[in-house]
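Residue 110 in the numbering used here sits at position 71 of the sequence shown; the count goes up by one each step and never skips.
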Amino acid sequence: MAKSILILGACGQIGTELTMVLREKYGNDAVVASDIREGSKNLMESGPFELVDATNYEAIEDVVMHYEIEEVYLMAAMLSATAEKFPMRAWNLNMNSLFNVLNLAKEKKIDKVFWPSSIAVFGPNTPKNRTPQHTLTQPSTVYGISKLSGERWCEYYFNKYGVDVRSVRYPGLISWKTQPGGGTTDYAVEIFHKALSEKKYTSFLSEWTKLPMMYMDDAIRATISLMEANVATLQIRSSYNLGAMSFTPKELAACIKAHIPEFEMNYAPDFRQEIANSWPASVDDSSAHQDWGWTPKFDLKKTTEEMLKNLKSN
Ligand code: AKB
């Protein structure tokens, strides 16, 4: 029998694509999508959907009981840029949703949890290049503080209560099906939309800001591989570094220009520059490689081709 899965925050950037891939893999009825608002037509019509606020324990528990859910992917979160504007709301959403799911697992109402962390757990004192798995973190953003606290709690619930919680530190994610919202790495998605519609883009990060990035197909594959990995191979229960490529806005613009020669890039860094300055330029993800075989498939060139091709035809 297919396992039953609940996705909290299914209508966001990652949740939308994750839901569709899991439905294809395990069957439409096996994957319950949920969010505080309805999602794309495709998502709403391809399988069960429930309106659920991830900060409401009883609401999640009801759905878990009703559908006999075994695994929960918690994708609801407030991202870095928005979290700087609403610190308490970000803390409440990012932490309470995690406690709800960890406690359901502690009470044996679900078997397994996926929770996303981020490169935002690192801070200005962290080594910038090939940032190690275990290093100084000291995040300087609200979002980063919530993600680092979340990691500590995940490891604690694993050690104390045996909760099977698995996590990766996502880099900036690039996708064409759903737009991101409220992140510092969002420029790397906006740029493709503007390149096609207006042939120009003004980046809110400076031309030299190098950040770790990943194409969404790789991110979804990583997420599902980690959830399917043999439990005995997993050495890290806080969160795994996860890498694919690193580039600056200038390098991305040059890659787009190779396809759209008239494309023009300008720079007007805003408050998000300081957030980006505190994050790594690249990460060392050898633990993910060793423990569960992580290897990315998309580099900058391939990502650019996929983004332009798919956005054009949609
Ligand atoms: C953000 O920019 O806030 C996110 C992230 C790197 O976690 N994309």
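Every residue, glycine too, gets a C-beta built ideally from N, C-alpha and C.
Just the C-alpha distance for residue i and residue j, rounded to the nearest angstrom, thanks.
{"i": "Thr287", "j": "Met304", "result": "12 Å"}
{"i": "Ala41", "j": "Leu61", "result": "11 Å"}
{"i": "Glu63", "j": "Leu82", "result": "12 Å"}
{"i": "Ala72", "j": "Lys289", "result": "37 Å"}
{"i": "Lys295", "j": "Leu339", "result": "Note that residue 295 is Ile in the sequence shown here, rather than Lys. Taking the straight line from one Cα to the other gives about 10 Å."}
{"i": "Glu246", "j": "Tyr195", "result": "40 Å"}
{"i": "Ala268", "j": "Gln329", "result": "12 Å"}
{"i": "Lys238", "j": "Ala293", "result": "13 Å"}
{"i": "Arg76", "j": "Ile149", "result": "24 Å"}
{"i": "Thr174", "j": "Trp318", "result": "13 Å"}
{"i": "Ala129", "j": "Leu281", "result": "23 Å"}
{"i": "Gly222", "j": "Lys147", "result": "34 Å"}
{"i": "Thr241", "j": "Phe125", "result": "25 Å"}
{"i": "Ala327", "j": "Leu250", "result": "19 Å"}
{"i": "Lys341", "j": "His105", "result": "42 Å"}
{"i": "Ala120", "j": "Gln312", "result": "10 Å"}
{"i": "Lys151", "j": "Glu190", "result": "16 Å"}
{"i": "Tyr65", "j": "Ser214", "result": "23 Å"}
{"i": "Lys167", "j": "Glu84", "result": "44 Å"}
{"i": "Lys80", "j": "Lys216", "result": "12 Å"}
{"i": "Val111", "j": "Val270", "result": "16 Å"}
Am I right that residue i and residue j are in contact with their C-beta atoms under 8 Å? What's the rounded C-beta distance?
{"i": "Gly86", "j": "Asp74", "result": "With 8 Å as the limit, Gly86 and Asp74 do not qualify as a contact, their Cβ atoms being about 13 Å apart."}
{"i": "Thr180", "j": "Leu132", "result": "15 Å between Cβ atoms; not a contact."}
{"i": "Leu235", "j": "Leu90", "result": "Contact doesn't hold; Cβ gap of about 34 Å is too wide."}
{"i": "Gln172", "j": "Asp323", "result": "6 Å"}
{"i": "Val70", "j": "Ile46", "result": "7 Å"}
{"i": "Arg260", "j": "Val204", "result": "20 Å between Cβ atoms; not a contact."}
{"i": "Glu350", "j": "Phe231", "result": "Note that residue 350 is Leu in the sequence shown, not Glu. At roughly 6 Å, the Cβ-Cβ gap stays under 8 Å, so Leu350 and Phe231 are in contact."}
{"i": "Tyr254", "j": "Phe337", "result": "4 Å"}
{"i": "Lys199", "j": "Val160", "result": "The Cβ separation is near 21 Å, so there is no contact."}
{"i": "Phe243", "j": "Pro308", "result": "6 Å"}
{"i": "Phe153", "j": "Leu113", "result": "7 Å"}
{"i": "Val202", "j": "Tyr279", "result": "Not really, about 17 Å apart at Cβ, beyond 8 Å."}
{"i": "Gly48", "j": "Ala122", "result": "About 15 Å; that fails the 8 Å criterion."}
{"i": "Gly211", "j": "Ser264", "result": "About 20 Å separates the two Cβ atoms, so there is no contact after all."}
Taking the continuous beta strand (DSSP E) assigned at residue i, which residues delimit it?
{"i": "Asp357", "result": "Coverage of the chain is limited to positions 40 through 353, which leaves residue 357 absent and any answer about it impossible."}
{"i": "Ile75", "result": "That residue, Ile75, is in no beta strand (DSSP E); it is neither H nor E in DSSP."}
{"i": "Asp203", "result": "203 to 205"}
{"i": "Ala47", "result": "According to the sequence as given, residue 47 is Leu; it is not Ala. 44 to 47 is the extent of the beta strand (DSSP E) around Leu47."}
{"i": "Glu301", "result": "Segment: none, Glu301 is in no beta strand (DSSP E) and carries neither H nor E."}
How far does the alpha helix (DSSP H) with residue i in it extend, from its first residue to its last?
{"i": "Glu194", "result": "181 to 200"}
{"i": "Glu290", "result": "288 to 296"}
From the DSSP secondary-structure annotation, give me the bridge partner or partners of residue i.
{"i": "Thr170", "result": "Val322"}
{"i": "Gly211", "result": "Met252"}
Continuous beta strand (DSSP E) assignments of at least 3 residues falling wholly in the stretch 78 to 157 | As far as the stretch 78 to 157 is concerned, its whole beta strand (DSSP E) runs of at least 3 residues are 88 to 90, 110 to 113, 151 to 153.
Alpha helix (DSSP H) runs contained entirely in the stretch 313 to 349, provided each spans 4 or more residues = Taken in chain order, the complete alpha helix (DSSP H) segments of 4 or more residues contained in the stretch 313 to 349 are 325 to 331.
Which full runs of the alpha helix (DSSP H) of 4+ residues lie inside the stretch 213 to 285, going along the chain?
-> The stretch 213 to 285 contains these whole alpha helix (DSSP H) runs: 226 to 236, 255 to 267.
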